[in-house]
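Below is one structure, written out as structure tokens, with a few remarks after it.
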């Protein structure tokens with residue numbers, strides 16, 4: 059009997075047809091969730107060429123969990139850091155060992171649903187010009203409860219290729235619709251982007267840079283189906299920007315992202331309106347996450363006022379109310395809703411009224 063991914067099984071035939079995929083899993087002290095994550099990856103209908111699990115000097119039982127999977131699956135490899143290097147350092151270590159035509163970066167606490175690799179690789183095979191493929195997702199609690207859909211803009215009701223101009227237009231109309239943790243990239247595009255070059259330190263905006271570069275230059279495939287489960291944890295890398303760095307640090311990271319997107323390799327990819335939308339979305343996310351964590355102390359949000367591009371009457375009214383102590387939780391939520399594009403306001407209203415079933 060052969061394990062999934064063994065060349066003697068049917069996997070080799072699928073690789074020849076669809077291309078091979080490498081998976082990088084950065085891990086730090088996620089032993090509690092790691093087994094579920096690796097099991098879901100290993101059991102994909104199109105198994106990966108390799109799974110590179112980078113343990114970033116964990117102090118829990120992570121290494122023992124990983125080693126148990128290494129013994130069961132020959133395509134799983136453990137790479138160990140003796141000194142903690144952070145998520146980005148772990149991702150870079152894994153990337154340097156990748157050999158697949160495609161690459162996926164999956165958090166150790168997230169879970170991929172059956173069919174993710176096969177469906178994405180099949181769509182990418184039909185659209186070889188695309189730089190990446192993404193799907194929709196659902197949210198898991200720390201104890202594994204399904205908390206419902208991860209609500210993101212839906213650029214198409216059917217799976218399709220979205221060309222570069224459509225990609226930018228969809229971002230300007232809806233905001234970011236690509237779930238970074240669901241994305242599968244062409245390895246050549248990741249290499250070309252320079253994201254892992256020496257000196258690169260995008261940290262929490264690693265996902266955003268890859269998505270924007272690949273989508274704006276080559277276009278993206280989209281599958282309107284929840285094929286990933288994102289676990290909502292306070293210590294997951296998706297939540298670290300505000301908790302670890304504070305608002306000033308988060309501002310610095312977006313500035314770094316903007317500098318990277320203005321690099322000569324990105325020349326001509328992004329119109330001026332894109333960067334205005336980027337900062338508007340950052341303000342949205344920063345206000346939302348800060349509100350979620352510190353609902354009783356909103357005044358620090360005033361640090362964001364100078365970062366609002368082309369402030370509208372709504373922006374001026376909100377920050378004026380914030381200075382006077384009038385903007386509470388309800389007012390802040392209303393502000394976040396009203397400053398979204400009209401298309402997104404309509405989508406949110408439909409969802410609230412029960413019309414957002416596509417996201418389920």
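Residue numbers (my numbering): 59 to 418.
We treat Cβ as the ideally placed atom computed from N, Cα and C, and that holds for glycine.
Here the structure is a predicted model, which is why all the values come from computation and not from measurement.
From the options, pick the residue whose C-alpha is nearest to that of residue i; which is it?
i	options	result
residue 355	337, 382, 335	382
residue 81	186, 241, 75	241
residue 385	365, 366, 326, 358	358
residue 209	101, 197, 271, 218	197
residue 193	281, 200, 121, 205	281
residue 211	201, 236, 331, 286	236
residue 271	181, 311, 328	328
residue 202	230, 195, 169	169
residue 239	174, 184, 375	174
residue 331	353, 226, 315	226
residue 319	278, 364, 273	273
Taking its Cβ as the centre, do 16 or more other Cβ atoms sit within 10 Å of residue i, making it buried, or is it exposed?
i	result
residue 215	exposed
residue 165	buried
residue 141	exposed
residue 396	exposed
residue 187	exposed
residue 408	exposed
residue 177	buried
residue 206	exposed
residue 372	exposed
residue 388	exposed
residue 244	buried
residue 122	exposed
residue 336	buried
Tell me the DSSP bridge mates of residue i?
i	result
residue 192	280
residue 83	111
residue 207	196
residue 162	81, 242
residue 287	169, 196
residue 134	109
residue 124	DSSP, once it has assigned bridges, lists no residue as partnering residue 124.
Less than 8 Å between C-beta atoms, sequence neighbours within five positions excluded: which residues of the same chain meet that for residue i?
i	result
residue 107	63, 73, 78, 79, 80, 133, 157, 158
residue 124	85, 92, 96, 111, 113, 134, 136
residue 338	366, 367, 397
residue 234	210, 211, 266, 269, 339
residue 200	289, 290, 291
I'd like the list of long-range same chain contacts for residue i, defined as Cβ closer than 7 Å, with 5 residues on each side in sequence excluded.
i	result
residue 252	258, 323
residue 380	356, 357, 359, 360
residue 254	150, 153
residue 390	345, 349, 356
residue 167	88, 91, 95, 289, 291, 294
residue 276	187, 188, 189, 222, 247
Using C-beta distances below 6 Å, list every residue in its chain close to residue i, excluding the 5 sequence neighbours before and after it, in chain order.
i	result
residue 118	87, 89
residue 138	113
residue 148	84, 112, 114
residue 128	134, 136
* To do: Taking 8 Å as the threshold, find out whether the segment 243-252 comes into contact with the segment 218-231 through three or more Cβ pairs.
  => With a cut-off of 8 Å, the segment 218-231 and the segment 243-252 do not count as touching, because too few Cβ pairs lie within range.
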